[in-house]
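Step one of this worksheet: look at the structure below.
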Amino acid sequence: MRIAVLKETAAGERRVALTPETAKKFIALGADVAVESGAGEGASISDADYEAAGASVASAPAVVKDADIVMGVRAPDPASLSGASKGAMVAAMFDPFGQRDLVDGYAKAGLEALSMEFMPRITRAQSMDVLSSQSNLSGYKAVLAAANTYGRAFPMMMTAAGTISPAKVFVMGVGVAGLQAIATAKRLGAQVSATDVRSATKEQIKSLGAKPIFVENVAGIEGEGSGGYATEMSEEYQKAQAELVSEHIAKQDIVITTALIPGRPAPRLISDAQIASMKTGSVIYDLAVVQGGNVEGAQADTPVVKHGVTIMGYSNTAGELAPDASALYSRNLYNFLSAFWDKEQGKPILDEEIGDAVRLTQGGKVVNERLNA
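In this text, residue positions in the sequence shown follow my numbering: the first is 218, and each later residue adds one.
Here it is as structure tokens:
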């Protein structure tokens, strides 16, 4: 069983799908691990580190040749995998809804595409969930980046010259990223509030010491979709939420938006008029900027100043912490593949529940129900 790891080719992508730590674990399972030279540079991992772990380091063609499993952060171009074994597994993030042509290319190439974004939100798959591990880091980094841009102190400071009031931070969307954003802002000493369309998150917000800001008296709206994700809200709820947010957002110094709906553009949470109501010098960090953005006028990797408010958001926030993001992502992949490792056959044999959820292509066809619906 040969496992191949290539250097990421997407612009600005510094993460790598395998660390020396997990390379050792795969080798202990009996796998032959090959890594493209320079693959770990962006994550502060040298070729010598991989070799010390027992992996071989070579050029891309040599690494891919006869590979049974290819691991990536972003799914590589199928043309670059022409030397892999027939029907080789490729475990990576595919952005299946946004890059359907890529998925079709994998089907034509006869490769078995395994989309890590489609990992089901079930208890036994928690350690395999790349979206959660990367979102955790994204929520943390978003607060730090916003704090740096804000340019003022976060905690309350009492000095002989007077008192500095704590920064007010408002987190919109309380998933994994939002919860980490709340926790990080609280650790920095800010006065934190948060909102979500799912009423079940109220207690989570309170448990972190933040103030829940929720629409009340709109019957029958819980906002909970399958797998713990939020769903789109009714017009009545959207109107009530907009009014509540408009009133609250005008008093905030920093706003972190995190709302995403799988397979759809990011919902618009903050309008230009709401931005105009904020104080000069305030900062908005949009974690959904790549998916269209939660904030009107947001641009990926380019801070925009509107009405004296800075709107920002990295296209790859977790990638800004490449060493830690790579370590967590690599463990996710190991937990996934090793959970189904058949010692007799020396390879992973995926079960139906998780295998069918993540498998996009097999036998020359697109087989995932979510893509064929």
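We put the beta carbon where it would ideally sit given N, CA and C, even for glycine.
- It is roughly 23 angstroms from the alpha-carbon of V526 to the alpha-carbon of D413.
- In the three-state reduction of the DSSP assignment, E253 falls in the strand class, which pools E and B.
- With contacts defined as CB atoms closer than 8 angstroms, N353 and V393 qualify as a contacting pair.
- Apart from sequence neighbours up to five positions away, the residues of its chain that approach P540 with a beta-carbon distance below 6 angstroms are A260 and S261, ordered along the chain.
- The stretch 488-506 and the stretch 349-365 touch, with three or more beta-carbon pairs separated by less than 8 angstroms.
- Boundaries of the beta strand (DSSP E) harbouring A221: R219 to V222, taken from the DSSP string.
- Annotated as distal: A227 and A309, with beta-carbon spacing of 8 angstroms or more.
- Rounded to the nearest angstrom, the gap between the Cα atoms of D264 and G271 is 11 angstroms.
- Listed in chain order, the non-local C-beta contacts of S355 below 7 angstroms within the same chain comprise A394, L504, T534 and A535, local neighbours out to five positions each way being set aside.
- If you check the CB distance, V388 and I473 come in under 8 angstroms.
- By the CB criterion at 8 angstroms, F311 and S332 fall inside the cutoff.
- Per DSSP, the continuous alpha helix (DSSP H) segment holding D573 begins and ends at E569 to V575.
- At a Cβ-Cβ threshold of 8 angstroms, V307 and G289 count as neighbours.
- The distance from the Cβ of G327 to that of G304 is about 6 angstroms, consistent with a contact at the 8 angstroms cut-off.
- With a minimum length of 4 residues, the unbroken runs of alpha helix (DSSP H) contained wholly in the stretch 282-356 fall at 317-325.
- The beta carbon of E537 is closer than 7 angstroms to those of K358 and Y531 in its chain, skipping five residues each way along the sequence.
- As the crow flies, the alpha-carbon of I286 is around 11 angstroms from that of L223.
- Within the same chain, and ignoring the five residues on either side of P278 in sequence, the residues whose Cβ sits closer than 8 angstroms to its Cβ are G300.
- A straight line joining the alpha-carbon of P237 with that of T340 spans about 27 angstroms.
- For F371, the closest of F557, A402, F243 and D346 by C-alpha to C-alpha distance is A402.
- By the Cβ-count criterion, N549 is buried, with 16 or more other Cβ atoms from all chains shown falling within 10 Å of its own Cβ.
- Taken in chain order, the whole alpha helix (DSSP H) runs of length 4 or more contained in the stretch 492-580 are 539-556 and 569-575.
- Listed in chain order, the non-local C-beta contacts of A400 below 6 angstroms within the same chain comprise L425, local neighbours out to five positions each way being set aside.
- When the five nearest sequence neighbours on each side are left out, the beta carbons in the same chain lying within less than 6 angstroms of the beta carbon of D266 are those of P237, in order along the chain.
- Residue environment for N589: exposed (fewer than 16 other C-beta atoms within 10 angstroms of its C-beta).
- When only Cα atoms are considered, M495 and K419 end up about 25 angstroms apart.
- Within the same chain, A574 and V575 come within 6 angstroms of F335 by CB-CB distance, once the 5 residues on both sides are set aside.
- Each of A378, E433 and G480 was checked against the Cα of G315, and the nearest Cα belongs to G480.
- Counting every other CB atom within 10 Å of its CB across the protein chains shown gives Q408 a total of 16 or more, marking it as buried.
- Non-local C-beta neighbours of P520 in its own chain, meaning closer than 8 angstroms and more than five positions away in sequence, comprise T366, T527, I528 and M529, ordered along the chain.
- For Q408, the beta-bridge partners assigned by DSSP are K385.
- Annotation for A269: the continuous alpha helix (DSSP H) segment containing it runs D264 to A269.
- A direct Cα-Cα distance of roughly 13 angstroms separates E586 from I571.
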